[in-house]
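*Asks:*
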Amino acid sequence: MATVSSRDVQEIVSKLSSDKAKTREEGIKLLKHLVRRRKINWPL
Numbered sequence: 013m014a015t016v017s018s019r020d021v022q023e024i025v026s027k028l029s030s031d032k033a034k035t036r037e038e039g040i041k042l043l044k045h046l047v048r049r050r051k052i053n054w055p056l
């Protein structure tokens, strides 16, 4: 399993926290990409 760096997390959080809808959408796409490609195991 690949790891996600703190830089990756900061980028996602920054985009998801944006006031701009387009930037938030980019953050969602990035998060989905990381989940799919890196197969992150999210705690339940």
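Per the working numbering, the sequence shown starts with residue 13, numbered consecutively.
Built from N, CA and C at the ideal position, the CB exists for glycine as well.
#1: If you count every other CB in all the chains shown that lies within 10 Å of the CB of Lys67, and 16 or more means buried, which is it?
#2: For Ser26, name the three-state secondary structure that DSSP assigns.
#3: In three-state terms, what does DSSP make of Lys32?
#4: For Lys27, count the other beta carbons within 10 Å of its own beta carbon; 16 or more makes it buried, fewer makes it exposed. Which is it?
*Replies:* In short:
#1: Outside the shown range of the chain, which is 13 to 56, sits residue 67, and nothing can be said about it.
#2: Translated into positions along the sequence shown, residue 26 becomes position 14. Look at Ser26 here: in three-state DSSP terms it is helix.
#3: Locating residue 32 in the sequence shown gives position 20, where the first residue counts as 1. Judged by DSSP in its simplified three-state form, Lys32 adopts coil rather than helix or strand.
#4: Residue numbering aside, residue 27 sits at position 15 when the sequence shown is read from its first letter. Counting Cβ neighbours within 10 Å, Lys27 comes out buried, since at least 16 surround it.
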